[in-house]
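Mapping to our numbering: the sequence shown position 125 is 205, numbers consecutive. Below is one structure, written out as structure tokens; comments come after it.
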Amino acid sequence: MPAKTAARLPRTIAAGLRRHRAALGLLALALLGLCLFWAARGSRAWMDAWLRYVSMPFKRAVSAAVDPLPFSACEAAATLAILAAAALLVRAVVLAVRGVRNRLGTWLLHFAALAAWIYLLVCAFWGTQYYGATFAEQAGMTAAPVSAQELETVAAYFAARANAAADSVPRDADGLFAADKTEILDASAGIYDAMVVEYPFLAGPERRPKPAFYSKLMSAFGFTGYLCPLFGESTLNVDCPAVFLPVTVAHEFAHQRGVAAEQEANFCGIYAAVTSGDPVYAYSGWLYGYLHLSNALYSVDPDRANALTAGLCPEARADLADNNAYWASWEGPVEQVGSAVYEGFLQSYDQELGMRSYGACVDLLVEKFLPAAG
Numbered sequence: 081m082p083a084k085t086a087a088r089l090p091r092t093i094a095a096g097l098r099r100h101r102a103a104l105g106l107l108a109l110a111l112l113g114l115c116l117f118w119a120a121r122g123s124r125a126w127m128d129a130w131l132r133y134v135s136m137p138f139k140r141a142v143s144a145a146v147d148p149l150p151f152s153a154c155e156a157a158a159t160l161a162i163l164a165a166a167a168l169l170v171r172a173v174v175l176a177v178r179g180v181r182n183r184l185g186t187w188l189l190h191f192a193a194l195a196a197w198i199y200l201l202v203c204a205f206w207g208t209q210y211y212g213a214t215f216a217e218q219a220g221m222t223a224a225p226v227s228a229q230e231l232e233t234v235a236a237y238f239a240a241r242a243n244a245a246a247d248s249v250p251r252d253a254d255g256l257f258a259a260d261k262t263e264i265l266d267a268s269a270g271i272y273d274a275m276v277v278e279y280p281f282l283a284g285p286e287r288r289p290k291p292a293f294y295s296k297l298m299s300a301f302g303f304t305g306y307l308c309p310l311f312g313e314s315t316l317n318v319d320c321p322a323v324f325l326p327v328t329v330a331h332e333f334a335h336q337r338g339v340a341a342e343q344e345a346n347f348c349g350i351y352a353a354v355t356s357g358d359p360v361y362a363y364s365g366w367l368y369g370y371l372h373l374s375n376a377l378y379s380v381d382p383d384r385a386n387a388l389t390a391g392l393c394p395e396a397r398a399d400l401a402d403n404n405a406y407w408a409s410w411e412g413p414v415e416q417v418g419s420a421v422y423e424g425f426l427q428s429y430d431q432e433l434g435m436r437s438y439g440a441c442v443d444l445l446v447e448k449f450l451p452a453a454g
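Okay, here's the thing in structure tokens:
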């Protein structure tokens, strides 16, 4: 390397650092914030205090601001961010082709800073939720392991309740569940009222669930709904069959009220649905609960599980078959990638069961419903 070039190099680096000091500073702050999160998440006291005084009040304030919107603010913000990043990348590439130096490097630096801040905010306003008090702890439940006989007893109870509720919901000419999806979303107010009487810590302001504009994309990745960590807003897949839309709304509302773990949100969604007093929500909850219980029973005793399924009424069996057929049509590499990414997301917050944690809600269901079923 020529001596003059070597001498100029430190000055060039220094000039570049000065020119991008704002982006570098923001990136450094985000990385510092992530280090603080990783260090603090081992303290239950710190996490509970953060959730009570910062995270939950923030999300409730933001969700109140976006609640009047008829569309998902999360989807809109994500769309704008992706389009802006893509437009700036195209601009950087064009300038680089024209000989303007360091344009791609500048774009990468700004993109890295933005991505780091988004991840920090997700950790701060959702990741912390996994390290606070759990639903089971606050409810005084143990979610202890259950026997096959207990599992069969409660599964049979849910099957009987689903059968009894099957005639109380709208059906189409083929006998399939046909409640209007917009009406399902509009009827969500108050579905937690009965559950809050039993578990006051689940009290929270009512928020409207939003239909997803990208519902088909959600289906491709295997998602029925999600809670936006930064907006506190529930967004629902309205392309998939409607039979489990009510209980999915209730599941996302559990997340909205501070229940992080998927298995606990499933339990809360089912319990809220079946105690809501709304026939559509109740049927969805009974059938969804039965699906979890019978799947768990099948893993230990397929014959008993098949016998219970044979005892379902034709309407309930048709609804399950219709739902299964829909999701089978989306199976493929995209769905597998979606599952793998989400499982990795859960495990990054020490949710070691990953996607399998969805099945663990059966322990809570058996604990809650065994007295009535027995």
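Glycine residues also receive a C-beta, built at the ideal position from the N, C-alpha and C atoms.
Excluding the 5 residues preceding and the 5 following residue 131 in the sequence, name in chain order all residues of the same chain whose CB lies nearer than 8 Å to its CB. On the sequence shown, position 51 is the one that residue 131 refers to. Closer than 8 Å at Cβ, skipping near neighbours: 208, 209, 212 and 338.
My assumption, with CB atoms under 8 Å, is that residue 140 sits in contact with residue 289. Please give the rounded CB distance. For this step, residue 140 is matched to residue 60 along the sequence shown. For this step, residue 289 is matched to residue 209 along the sequence shown. Contact flag wrong, Cβ pair sits at about 16 Å.
Assuming residue 235 contacts residue 377 under a Cβ cut-off of 8 Å, what Cβ separation, rounded to an integer in Å, is found between them? Numbered from its first residue, the sequence shown carries residue 235 at position 155. Numbered from its first residue, the sequence shown carries residue 377 at position 297. Their Cβ separation, rounded to whole angstroms, is 5 Å, which keeps residue 235 and residue 377 in contact under 8 Å.
Residue range of the beta strand (DSSP E) that includes residue 338: The residue labelled residue 338 in the question sits at position 258 within the sequence shown. Element bounds for residue 338: n/a, residue is neither H nor E.
If the criterion is Cβ atoms closer than 7 Å, does the pair residue 242 and residue 250 meet it? Against the sequence shown, residue 242 aligns to sequence position 162. Against the sequence shown, residue 250 aligns to sequence position 170. Not in contact: residue 242 and residue 250 (Cβ atoms no closer than 7 Å).
Nearest to residue 108 by alpha carbon, out of 195, 159 and 324? Sequence index remark: in the sequence shown, residue 108 carries index 28 (1-based). Checking every option, the nearest Cα to that of residue 108 belongs to 195.
Any idea what DSSP makes of residue 419, helix, strand or coil? Within the sequence shown, residue 419 is the residue found at index 339, counting from 1. Confidence at residue 419 is low in this model, with a pLDDT of 49, below 50, so the placement of that residue should be treated as unreliable; the coordinate-derived value is given next. Under the three-state reduction of DSSP, residue 419 is assigned to helix.
Taking DSSP as the reference, what is the three-state secondary structure of residue 133? Walking along the sequence shown from the start, residue 133 turns up at place 53. Reduced to three states, the DSSP call for residue 133 is helix.
Buried versus exposed call for residue 329 [16 or more other C-beta atoms within 10 Å across all chains shown]: Indexing the sequence shown from 1 puts residue 329 at position 249. Residue 329 should be labelled buried.
Nearest-angstrom Cβ-Cβ length linking residue 314 and residue 305, presumed shorter than 8 Å: Position 234 of the sequence shown, counted from the start, is the residue given in the question as residue 314. Position 225 of the sequence shown, counted from the start, is the residue given in the question as residue 305. Yes, they are in contact, since the Cβ atoms of residue 314 and residue 305 sit about 6 Å apart, within 8 Å.
If the criterion is Cβ atoms closer than 7 Å, does the pair residue 380 and residue 228 meet it? Within the sequence shown, residue 380 is the residue found at index 300, counting from 1. Within the sequence shown, residue 228 is the residue found at index 148, counting from 1. Yes, these two residues count as a Cβ contact at 7 Å.
Nearest CA to the CA of residue 393: which residue from 244, 411 and 333? Counting from 1 along the sequence shown, the entry for residue 393 is found at position 313. With distances taken between CA atoms, residue 393 lies nearest to 244 out of 244, 411 and 333.
Residue 349 and residue 323: beta carbons closer than 7 Å? By one-based count along the sequence shown, residue 349 stands at place 269. By one-based count along the sequence shown, residue 323 stands at place 243. The Cβ atoms of residue 349 and residue 323 do not sit closer than 7 Å to each other.
Give a yes or no on whether the C-beta atoms belonging to residue 372 and residue 320 are separated by under 7 Å. As a working note, residue 372 is residue 292 in the sequence shown. As a working note, residue 320 is residue 240 in the sequence shown. Cβ atoms of residue 372 and residue 320: not closer than 7 Å.
Could you check which residue in 398, 391 and 224 has the C-alpha nearest to that of residue 238? Locating residue 238 in the sequence shown gives position 158, where the first residue counts as 1. The residue with the shortest Cα to Cα distance from residue 238 is 391.
By the 10 Å Cβ neighbour count, where 16 or more other Cβ atoms means buried, how is residue 179 classified, buried or exposed? Your numbering for residue 179 matches position 99 in the sequence shown. Counting every other CB atom within 10 Å of its CB across the protein chains shown gives residue 179 a total below 16, marking it as exposed.
Between the CA atoms of residue 255 and residue 246 - distance to the nearest angstrom: Taking the sequence shown and counting its residues from 1, the one referred to as residue 246 is at position 166. Taking the sequence shown and counting its residues from 1, the one referred to as residue 255 is at position 175. Near 10 Å, if we compare the C-alpha coordinates of residue 255 and residue 246.
Pairwise C-alpha distance: residue 224 and residue 444: By one-based count along the sequence shown, residue 444 stands at place 364. By one-based count along the sequence shown, residue 224 stands at place 144. Going by the C-alpha atoms only, they are around 8 Å apart.
I'd like to know whether the C-beta atoms of residue 331 and residue 307 end up nearer to each other than 7 Å. Here the question's residue 331 lines up with position 251 in the sequence shown. Here the question's residue 307 lines up with position 227 in the sequence shown. Cβ atoms of residue 331 and residue 307: not closer than 7 Å.
Which whole runs of the beta strand (DSSP E) in the region 190 to 233 are 3 residues long or more, in chain order? The qualifying runs do not exist here; there are none.
Measuring CB to CB, does residue 205 end up less than 7 Å from residue 309? Sequence index remark: in the sequence shown, residue 205 carries index 125 (1-based). Sequence index remark: in the sequence shown, residue 309 carries index 229 (1-based). Contact flag set, yes.
Is the separation between the beta-carbon of residue 189 and that of residue 110 shorter than 7 Å? On the sequence shown, position 109 is the one that residue 189 refers to. On the sequence shown, position 30 is the one that residue 110 refers to. Residue 110 is positioned such that its CB atom lies no closer than 7 Å to that of residue 189.
Find out if the Cβ-Cβ distance for the pair residue 202, residue 311 is shorter than 7 Å. Numbered from 1 along the sequence shown, position 122 holds the residue referred to as residue 202. Numbered from 1 along the sequence shown, position 231 holds the residue referred to as residue 311. If you check the CB distance, residue 202 and residue 311 do not come in under 7 Å.
I'd like to know whether the C-beta atoms of residue 279 and residue 219 end up nearer to each other than 7 Å. Looking up residue 279 in the sequence shown gives position 199. Looking up residue 219 in the sequence shown gives position 139. Result yes, Cβ atoms of residue 279 and residue 219 sit closer than 7 Å.
Which of the three DSSP states, helix, strand or coil, is assigned to residue 291? Taking the sequence shown and counting its residues from 1, the one referred to as residue 291 is at position 211. Note: residue 291 maps to strand in three-state DSSP.
How many angstroms separate the CA atom of residue 181 from the CA atom of residue 101? As a first step, residue 181 is located in the sequence shown; it is residue number 101 there, counting from the start. As a first step, residue 101 is located in the sequence shown; it is residue number 21 there, counting from the start. Cα to Cα, residue 181 sits roughly 18 Å from residue 101.
First and last residue of the alpha helix (DSSP H) that includes residue 369? Counting from one through the sequence shown, the residue named residue 369 turns up at place 289. Start and end: 359 to 380.
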